[in-house]
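*Asks:* Numbering (the working numbering), first residue to last: 256 to 499. First, the structure itself, so that you have it in front of you.
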């Protein structure tokens, strides 16, 4: 029951942060949004680590959290980019197809999938394909909707994040989430130097942008903790319900 509760917290926080990101990604560069929101997440974890007073575990499995930061950074960039150019009603559900990766990984590791769960997976894939199509009024044909490619990139990144954070969380959920968020932020630096986006941001945007980072970081922590209490397939499916 604790695993389900934590997964629901992750789902709720990712849903709210995704909605806020959809509004802010249209008024500022995606890299700027990522930088300031991730700064808020890193700050939150640093404060938590100091208050907790537990030293960084010397376990090589924690390196999976670094990989989690890398795939999470790529997935989050694709997600925000998709929200900037496409409709939230399309980008968010398609990105939620990320659940296929951890579910299939869980099955490969020996987790048992019930028939109803299998039906749900098929419905999720079919629904993702259907929602990604829109009518082209000019030629009266179906075409892929704007933002679908970044949304698929986000699904790939999020799915990989779900898997590697399950491995890293077995060491310590808080430290795993913190290392992931810190590596996420550090990986943004080369992109900033290369693209040189405008890093000026209106103070009126800061509360929402910081909220995005804190909610995203809290969701990552809740998800990582949930994987230590329940099955990867179950936790990932519940956490990926954030489009609702």
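All C-beta atoms, glycine included, are put in the ideal place defined by N, C-alpha and C. Predicted model only: the values in this text are computed from it and were never measured.
1. For the region 283-292 and the region 419-429, state whether three or more C-beta atom pairs, one from each stretch, are separated by less than 8 Å.
2. Cβ of residue 490 within 8 Å of Cβ of residue 481?
3. For residue 461 and residue 330, I'd like the C-alpha separation in whole angstroms.
4. Are the Cβ atoms of residue 333 and residue 270 separated by less than 8 Å?
5. Can you give me the start and stop residues for the alpha helix (DSSP H) that residue 325 sits inside?
6. Do you know offhand how far residue 328's Cα is from residue 374's?
7. In its own chain, which residues sit with a C-beta less than 6 Å from the C-beta of residue 427, not counting the 5 before and 5 after it?
8. Take the Cβ of residue 353 as the centre, count every other Cβ of all protein chains shown within 10 Å, and call the residue buried at 16 or more, exposed below.
9. Do residue 361 and residue 486 count as a contact pair if the criterion is CB distance below 8 Å?
10. Could you check if residue 309 is buried or exposed, using at least 16 other CB atoms within 10 Å of its CB as the buried criterion?
11. Near residue 319, what residues of its chain come up, given a Cβ to Cβ distance below 8 Å and the 5 sequence neighbours on each side ignored?
12. Please state if the CB of residue 349 and the CB of residue 410 are separated by a distance shorter than 8 Å.
13. Grouping DSSP H, G and I as helix and E and B as strand, with all else coil, what is residue 264?
14. Where does residue 477 fall in DSSP's three states?
15. Name the residue from 337, 465, 484 and 369 whose alpha carbon lies nearest to the alpha carbon of residue 272.
16. Using DSSP with H/G/I as helix, E/B as strand and the rest coil, what is residue 427?
17. Take the Cβ of residue 405 as the centre, count every other Cβ of all protein chains shown within 10 Å, and call the residue buried at 16 or more, exposed below.
18. So, are the CB atoms of residue 468 and residue 294 less than 8 Å apart?
19. Around the Cβ of residue 302, are there at least 16 other Cβ atoms within 10 angstroms (buried) or fewer (exposed)?
20. I need the straight-line Cα distance from residue 259 to residue 266, nearest angstrom please.
21. Looking at the secondary structure, which residues open and close the alpha helix (DSSP H) in which residue 296 lies?
*Replies:* In short, the structure shows the following:
1. The region 283-292 is not in contact with the region 419-429.
2. Position 235 of the chain shown, counted from the start, is the residue given in the question as residue 490. Position 226 of the chain shown, counted from the start, is the residue given in the question as residue 481. Using a Cβ distance threshold of 8 Å, residue 490 and residue 481 count as a contacting pair.
3. For the purposes of this step, residue 461 is identified with residue 206 of the chain shown, where counting begins at 1. For the purposes of this step, residue 330 is identified with residue 75 of the chain shown, where counting begins at 1. Those two C-alpha atoms are separated by around 22 Å.
4. For this step, residue 333 is matched to residue 78 along the chain shown. For this step, residue 270 is matched to residue 15 along the chain shown. The answer is no: Cβ separation not under 8 Å.
5. On the chain shown, position 70 is the one that residue 325 refers to. Residue 325 -> alpha helix (DSSP H) spans 318-340.
6. The sequence position of residue 328 within the chain shown is 73, counting from 1. The sequence position of residue 374 within the chain shown is 119, counting from 1. About 31 Å.
7. Taking the first residue of the chain shown as 1, we reach residue 427 at position 172. Cβ neighbours of residue 427 beyond the five flanking positions: 312.
8. On the chain shown, residue 353 is found 98 positions in, with the first residue counted as 1. Residue 353 comes out buried.
9. The sequence position of residue 486 within the chain shown is 231, counting from 1. The sequence position of residue 361 within the chain shown is 106, counting from 1. Yes. Within cutoff.
10. Taking the chain shown and counting its residues from 1, one reaches residue 309 at position 54. By the 10 Å Cβ count, residue 309 comes out exposed.
11. What you label residue 319 is simply residue 64 of the chain shown in a count that begins at 1. Around residue 319: 419, 420, 422, 423 and 431.
12. Looking up residue 410 in the chain shown gives position 155. Looking up residue 349 in the chain shown gives position 94. In this structure, the beta-carbon distance from residue 410 to residue 349 falls below 8 Å.
13. Locating residue 264 in the chain shown gives position 9, counting from the first residue. The DSSP-derived three-state label of residue 264 is helix.
14. Here residue 477 refers to the residue found at position 222 of the chain shown. Here residue 477 sits in helix by DSSP.
15. Reading the chain shown from its first residue, position 17 is the one you call residue 272. Checking every option, the nearest Cα to that of residue 272 belongs to 465.
16. The residue labelled residue 427 in the question sits at position 172 within the chain shown. When DSSP states are grouped into helix, strand and coil, residue 427 belongs to the coil group.
17. For this step, residue 405 is matched to residue 150 along the chain shown. With 16 or more Cβ atoms within 10 Å of its Cβ, residue 405 is classed as buried.
18. For the purposes of this step, residue 468 is taken as the residue at position 213 of the chain shown. For the purposes of this step, residue 294 is taken as the residue at position 39 of the chain shown. The Cβ atoms of residue 468 and residue 294 sit closer than 8 Å to each other.
19. Within the chain shown, the letter at position 47 stands for residue 302. Exposed.
20. Reading the chain shown from its first residue, position 4 is the one you call residue 259. Reading the chain shown from its first residue, position 11 is the one you call residue 266. The C-alpha of residue 266 is placed about 10 Å away from the C-alpha of residue 259.
21. Locating residue 296 in the chain shown gives position 41, counting from the first residue. Unbroken alpha helix (DSSP H) run through residue 296: 285-307.
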